[in-house]
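Report on one structure; see the data block that follows.
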Amino acid sequence: MGLEDQLQENVMTTKVDAVVGWARKNSLWPMPFGTACCAIELMATLASRFDLARFGAEAIRFSPRQSDLLIVSGRVSIKMMPVLKKIYDQMPEPKWVISMGACASSGGVFNTYTLVQGVDQYIPVDVYIPGCPPRPENVIQALMKIQEKVAQAKAN
Amino acid sequence: MGEDVENKEERETEDVGRSESEPGTVTTRIRARFGDASVSTGNAVGCESVIAERDALLPFMTFLKDDPELSFDYLVDVTAVDRLRLDEEIRFAVVYQLYSYKHNHRFSVSVPVPEADPRIGSVVSVWPGANWLEREVYDMYGIVFEGHPDLRRILMPDDFGSYPLRKDYPLHGKGERDNFVF
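Sequence lines, in order, name chains S and A. Take the first sequence: its letter number 12 is residue 1158 in my numbering, and every next letter is one higher. Take the second sequence: its letter number 130 is residue 151 in my numbering, and every next letter is one higher.
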């Protein structure tokens, strides 16, 4: 009772999940796995015109150990898939995955002997982006979808 | 006006694609060295060419490189052809594209390789640049280059069981892309 008198309206009651989710979603650290032209669009998304920093996701890290968002942008061959799996495994929990473009999501036009027909056969994917390649607006929308998902995640 | 005409003539004489040697120089030289019956020559795609025997490949290639009138000092490419559905008795042909910086002429050597015994001598000892080119032909066609210092697959995974550019290999593979383990 005495405490409320002193603090008055300077206190907000909430849940830990909500606070941690809010913090996480506005500070995503993407790990780019760029193997094709989608990676060029990803770079454009990060540059000044589209500016992924507006969503707090500009801190691209080329070490999976410092990242929580894997963006698979490009073709993945059966020789490259073990590398992608290892990078995914090296990322600390909690982590999310965007499959960017037709190739990463389904193999795209490369319906051939050597190409993985969708990375979701081997790693879990949270958001798929259609397009060949997708425009930066699509990437931003995917990031916002990830943010919605991150906000709802449990904190532990 | 007069200058323009002069420049045009200059450009024509400086055409980089044109060989300085007379047509047929290379095949004439080879016939002089190995005899008329040794090689069958042709002029495929505007480039002098020869169909060589694989058993005497290394001395032949060494001659092409070391002979002062030929001096093919640059191996442009090594590739292979699978003639499975063509009217050929011998299924494969390994094809070497050669170029001489000294004489500015080109040459093409085709060597038939049978399916039952897909072996051919390596030319890495003649042109070190053949190393990766021969590995790619081995990877894609299963042709073994004897004497190669490091004959491993170069593009496909090491445990890949097939040779994908053979004409009897299906485009979608034999299930490798769905069943590989790692």
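All C-beta atoms, glycine included, are put in the ideal place defined by N, C-alpha and C.
*Can you name the start and end residues of the alpha helix (DSSP H) that F55(A) belongs to?*
Within the second sequence, residue 55(A) is the residue found at index 34, counting from 1. Unbroken alpha helix (DSSP H) run through F55(A): 46 to 55.
*Per-residue contacts from M161(A) into chain S (C-beta, under 9 Å)*: Taking the second sequence and counting its residues from 1, one reaches residue 161(A) at position 140. Going along chain S, no residue has its Cβ under 9 Å from M161(A), so there is no contact; the nearest lies around 11 Å.
*asked:* Using a Cβ-Cβ distance cut-off of 8 Å, determine whether E167(A) contacts chain S.
replied: Within the second sequence, numbered from 1, the residue matching residue 167(A) stands at position 146. Not one chain S Cβ lies under 8 Å of E167(A).
*Beta-carbon contacts of N152(A) that lie in its chain and below 6 Å, excluding the five residues immediately before and after*: Locating residue 152(A) in the second sequence gives position 131, counting from the first residue. V145, listed in sequence order.
*Does any C-beta atom of chain S lie closer than 8 Å to the C-beta of L192(A)?*
As a first step, residue 192(A) must be located in the second sequence, where it is residue number 171. At least one chain S Cβ lies under 8 Å of L192(A).
*Label G23(A) either buried or exposed according to how many other C-beta atoms from any shown protein chain fall within 10 Å of its C-beta, with 16 as the threshold for buried.*
Numbered from its first residue, the second sequence carries residue 23(A) at position 2. In this prediction, G23(A) scores a pLDDT of 45, lower than 50, which makes its location untrustworthy; the coordinate-derived value is nonetheless stated afterwards. Exposed is the call here.
_Interface residues of the stretch 1240 to 1271 of chain S facing chain A [CB-CB below 7 Å]_ = N1257, T1258, Y1259, T1260, L1261, V1262, Q1263
*asked:* Within the continuous beta strand (DSSP E) that includes D180(A), where are the two ends?
replied: What you label residue 180(A) is simply residue 159 of the second sequence in a count that begins at 1. Element bounds for D180(A): n/a, residue is neither H nor E.
*Taking just the CA atoms, how far does T1191(S) sit from T34(A)?*
For the purposes of this step, residue 34(A) is taken as the residue at position 13 of the second sequence. For the purposes of this step, residue 1191(S) is taken as the residue at position 45 of the first sequence. Bear in mind that the predicted position of T34(A) carries a pLDDT of just 46, short of 50, making it too unreliable to give a figure here.
*asked:* Among V1162(S), A1185(S), W1168(S), whose alpha-carbon lies nearest the alpha-carbon of G1137(S)?
replied: This structure does not reach residue 1137(S), given that chain S is present from 1147 up to 1302, and the question cannot be answered.
*Could you give the distance in angstroms between the alpha-carbon of Q1263(S) and the alpha-carbon of L105(A)?*
Looking up residue 1263(S) in the first sequence gives position 117. Looking up residue 105(A) in the second sequence gives position 84. If I take the Cα positions, the gap works out to 29 Å.
_Strictly under 8 Å for the Cβ-Cβ distance: is F81(A) near chain S by that measure?_
As a position in the second sequence, residue 81(A) is number 60, starting the count at 1. Chain S contact via Cβ: absent.
*Going along chain S, which residues have a C-beta under 8 Å from P185(A)?*
Walking along the second sequence from the start, residue 185(A) turns up at place 164. The contacting residues are Y1259, T1260.
*Assuming V132(A) contacts L78(A) (C-beta within less than 8 Å), just tell me the rounded distance between them.*
Along the second sequence, read from residue 1 onward, the residue named residue 132(A) stands at position 111. Along the second sequence, read from residue 1 onward, the residue named residue 78(A) stands at position 57. Their Cβ separation, rounded to whole angstroms, is 6 Å, which keeps V132(A) and L78(A) in contact under 8 Å.
*Using a Cβ-Cβ cut-off of 7 Å (strictly less than) and excluding sequence neighbours within five positions of R112(A), which residues of its own chain qualify?*
For the purposes of this step, residue 112(A) is identified with residue 91 of the second sequence, where counting begins at 1. Excluding residues within five positions, the ones whose Cβ falls inside 7 Å are D103, R104, L105, P135, E136.
*Given G1202(S), which residues of its chain have a CB within under 6 Å of its CB, disregarding the five upstream and five downstream residues?*
Numbered from its first residue, the first sequence carries residue 1202(S) at position 56. The residues are N1172, S1173.
*Classification of Q1152(S) by the beta-carbon crowding that lies within 10 angstroms, buried from 16 upward*: Working through the first sequence from its first residue, we reach residue 1152(S) at position 6. Classification of Q1152(S): exposed, given that the 10 Å Cβ count is below 16.
_List, in chain order, every chain S residue whose beta-carbon is nearer than 9 Å to that of R156(A)._
In the second sequence, residue 156(A) corresponds to position 135, counting from 1. Here the premise fails: no neighbours, minimum Cβ distance about 15 Å.
_Less than 8 Å between CB atoms is the rule here; does P178(A) satisfy it with respect to chain S?_
The residue given as residue 178(A) occupies position 157 in the second sequence. Output row for P178(A): interface = yes.
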